[in-house]
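Q: Structure below; questions to follow.
Protein chains in written order, with the working numbering: chain A, 24 to 189; chain B, 626 to 726.
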């Protein structure tokens, strides 16, 4: 059952990711990006990470995508067309394809020890809000606080950049 | 067992390379940004797969930090794109080559 869901979600994710980079219209492209984020959230559920799935939908499919669509509609980018040399385009595709081949070969040839977590499943409560919160507020307390500073810096940076006179 | 760690890693690598292809081939700054989000998403998937593999919740914590960084990056990046559009009336990256050579 899990394998059927995995295959369906993997196909949907890869298809929508391809559509993101192949669509001419930026609006369609971003809508496919939302689909890719939703199917990734479903993959998180398969990986016994329900909290991550919820956060993924709230932060990515909610906040970030609203920002993307807002900017596209604000700037009215639909009429801008892009032309690039087909040689550079083919070269870029080739480089990315070679990267994929290298990564696939490395992943297939690496023996990762103790492949038991996927077979036996995890203990109950793994990936729950309680488990993540406990880890986040004890072991990872300092990085958590630093992340809040990062978000503050991002807010200030966005406000400064959006001012009328730069 | 079919969906093992390797299958998730290969899916993650495929998504990452699709994102890389988008960054390398497209000229629209917004689409390049979306491709970067795809690449971040692929890395998050690999983190979650490893967390499940080792039965350790630290991988999922890293995904949360990565989400925070992605949110900050999108806010600043889209502000830069809006500022750029105000100056140049374009989001084509070929029009923004002041710092190129």
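Beta carbons: idealized from backbone N, C-alpha and C, even for Gly.
#1: Classify residue 722 of chain B: buried if its beta carbon has 16 or more other beta carbons within 10 angstroms, exposed otherwise.
#2: Could you confirm whether any beta carbon from chain A is found closer than 7 Å to the beta carbon of residue 666 of chain B?
#3: Is the region 43 to 53 of chain A touching the region 123 to 139 of chain A, taking contact as three or more C-beta pairs under 8 Å?
#4: Any C-beta of chain A sitting closer than 7 Å to the C-beta of residue 655 of chain B?
#5: Sorted by chain position, which residues of the same chain lie with C-beta nearer than 7 Å to residue 634 of chain B's C-beta, five sequence neighbours on each side aside?
#6: Closer than 7 Å, CB to CB, is residue 25 of chain A near chain B or not?
#7: What residues from the region 666 to 696 of chain B come within 8 Å of chain A, judged by C-beta to C-beta, listed N to C?
#8: Sort B/690, B/710, B/724, B/719 by Cα distance to residue 111 of chain A and report the nearest one.
#9: Can you tell me which of the three DSSP states residue 48 of chain A falls into?
#10: Could you check whether the region 627 to 644 of chain B touches the region 180 to 189 of chain A, counting it as contact only if at least three pairs of C-beta atoms, one from each stretch, sit closer than 8 Å?
#11: Which bits of chain B does residue 61 of chain A rub up against, with CB to CB less than 8 Å?
#12: Per DSSP, residue 717 of chain B forms a beta bridge with which residues?
#13: If you drop the 5 nearest sequence neighbours on each side, which residues of the same chain put their C-beta closer than 8 Å to that of residue 74 of chain A?
#14: Within 10 Å of its beta-carbon, does residue 157 of chain A have 16 or more other beta-carbons around it, so buried, or fewer, so exposed?
#15: Measuring CB to CB, does residue 170 of chain A end up less than 7 Å from residue 700 of chain B?
#16: Between which two residues does the alpha helix (DSSP H) harbouring residue 127 of chain A extend?
#17: Under 7 Å, do residue 660 of chain B and residue 44 of chain A count as touching if we go by C-beta distance?
#18: Taking CB distances under 7 Å as the criterion, tell me whether residue 151 of chain A reaches chain B.
#19: Looking at C-alpha atoms only, which residue of A/122, A/168, A/116 is the closest neighbour of residue 651 of chain B?
#20: Residue 36 of chain A: which of B/653, B/664, B/655 sits nearest, CA to CA?
#21: Can you tell me whether DSSP reads residue 35 of chain A as helix, strand or coil?
#22: Assuming residue 178 of chain A is part of the alpha helix (DSSP H), what are its boundary residues?
A: This is what the structure holds:
#1: exposed
#2: yes
#3: no
#4: yes
#5: 671, 674
#6: yes
#7: 666, 669, 670, 673, 674, 676, 677, 678, 679, 680, 682, 683, 685, 686, 688, 689, 690, 692, 693, 694, 695, 696
#8: B/719
#9: coil
#10: no
#11: Result: empty, since nearest Cβ-Cβ is about 11 Å, beyond 8 Å.
#12: B/653
#13: 150, 151, 152, 155
#14: exposed
#15: no
#16: 109 to 132
#17: yes
#18: no
#19: A/116
#20: B/664
#21: helix
#22: 164 to 184
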